[in-house]
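Contents: one structure, followed by commentary.
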Ligand code: SAM
Ligand code: SF4
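Numbering (the numbering used here), first residue to last: 2 to 336.
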């Protein structure tokens, strides 16, 4: 067992005990930073993991030492058997959580509770209906807000993911933080990241420093405080001194947190990605379908993981459009 446990430790000593599984590439929104307006080309169903295949691969990772699994996508609840996947995975000795746009989650509340899911991440980029329509290209604002309230009322730990872009929603940073005064929500501002086809340009991005500067100008330097990060946290966490909730900044662009990374990703078509930004993938699903052992594939993927952002150590490398073009679109990675 000890050699198996070591499979998840890379050459820099990072232990990868957190697996993010994408349930589908499809989505009921078209967020501009994630997906093209026309959606992405649909592929035959056989190319994607079936429920039992997801379970079998997850089981292998749990035996190797994975302690936490997050379901993501695309939009995980767009998958018809999302409920069955959640039920199966909940039988494993893991912390199970989910990232969603919140549109369909009201249909799954009892199941999530029964399956021990305590934490839900919901994407929300604006507190204004018209803006959400412009950013997501669909009009589900009221439903999403209603479902966020439902999750809070039902006692879930709710994290709100907000991608901040200049001239689009950056004037709402203070409003989002004000929200944490009265509601026990955890707002996480995410720096805009580059992926294939999302027309990334850092002049549209808003940095950790900029958000902190605005927060300090509005609330004063003593109006908010830094909270201790948990091990492997990707965010720098803060709280208003009188706040019920918290806020945080995920600064992959300006302050990458790769040295404590414990994440690996399984795409909906069964490919293992050792980094959000890696363009090399290990095809676990095809190997499993051929009856082959997937452990050597997992091991080499982990061993080949680069120290920082899949080798894009400098900002110039990271900002190079040729590099983003080699990766997938975010919606088909599983963020
Ligand atoms: N559909 C679900 C949702 O929206 O939460 C799960 C999948 S989505 C790809 C996961 C997260 O990735 C969301 O919080 C979304 O805001 C974030 N995301 C997508 N594209 C991004 C980008 N270009 N930069 C930063 N975050 C991004
Ligand atoms: Fe869909 Fe989530 Fe991407 Fe928005 S961020 S298009 S909700 S997968």
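Yeah, the Cβ is synthetic: ideal placement off N, Cα and C, and Gly gets one too.
Given the structure is predicted, the values throughout are model-derived calculations rather than measurements.
Hey, is residue i close to ligand 1, as in C-beta under 7 Å from one of its heavy atoms?
i: residue 28; result: yes
i: residue 122; result: yes
i: residue 35; result: yes
i: residue 76; result: yes
i: residue 321; result: no
i: residue 87; result: no
i: residue 242; result: no
i: residue 191; result: yes
i: residue 350; result: Shown here, the chain extends from 2 to 336; a query on residue 350 therefore has no answer.
i: residue 102; result: yes
For residue i, count neighbouring Cβ atoms within 10 angstroms of its own Cβ and tell me buried if that reaches 16, exposed if not.
i: residue 363; result: Lying outside 2 to 336, the shown extent of the chain, residue 363 is not represented and no answer is given.
i: residue 185; result: exposed
i: residue 72; result: buried
i: residue 329; result: buried
i: residue 2; result: Here the model assigns residue 2 a pLDDT of 45, short of 50, so the residue's position is not dependable, and the following value carries that caveat. So residue 2 counts as exposed.
i: residue 261; result: exposed
i: residue 43; result: exposed
i: residue 14; result: exposed
i: residue 291; result: exposed
i: residue 38; result: exposed
i: residue 23; result: buried
i: residue 242; result: exposed
i: residue 240; result: buried
i: residue 59; result: buried
i: residue 225; result: buried
Determine, using beta carbons only, whether residue i and residue j come nearer to each other than 8 Å.
i: residue 303; j: residue 11; result: yes
i: residue 25; j: residue 269; result: yes
i: residue 142; j: residue 89; result: no
i: residue 320; j: residue 180; result: no
i: residue 191; j: residue 266; result: no
i: residue 315; j: residue 276; result: no
i: residue 148; j: residue 103; result: yes
i: residue 286; j: residue 54; result: yes
i: residue 122; j: residue 331; result: no
i: residue 313; j: residue 258; result: no
i: residue 254; j: residue 212; result: no
i: residue 298; j: residue 308; result: no
i: residue 85; j: residue 52; result: yes
i: residue 116; j: residue 98; result: no
Would you please state the rounded distance, in angstroms, between the beta carbons of residue i and residue j? I believe it to be under 8 Å.
i: residue 63; j: residue 93; result: 5 Å
i: residue 139; j: residue 160; result: Actually they are not in contact, since the Cβ atoms of residue 139 and residue 160 sit about 22 Å apart, beyond 8 Å.
i: residue 165; j: residue 171; result: 5 Å
i: residue 155; j: residue 110; result: 6 Å
i: residue 273; j: residue 283; result: 4 Å
At a cut-off of 7 Å, is residue i close to ligand 2 when judged by its beta-carbon and the heavy atoms of the ligand?
i: residue 200; result: no
i: residue 194; result: no
i: residue 7; result: no
i: residue 344; result: Nothing in the structure corresponds to residue 344, since the chain is present only between 2 and 336.
i: residue 25; result: no
i: residue 32; result: yes
i: residue 137; result: yes
i: residue 328; result: no
i: residue 148; result: no
Taking the alpha carbon of residue i as the point to measure from, which residue in the options has its own alpha carbon closest?
i: residue 235; options: 244, 40, 256; result: 256
i: residue 207; options: 294, 167, 112, 194; result: 167
i: residue 233; options: 242, 247, 251, 226; result: 251
i: residue 74; options: 229, 300, 50; result: 50
i: residue 100; options: 193, 217, 41, 79; result: 79
i: residue 323; options: 65, 231, 263, 201; result: 201
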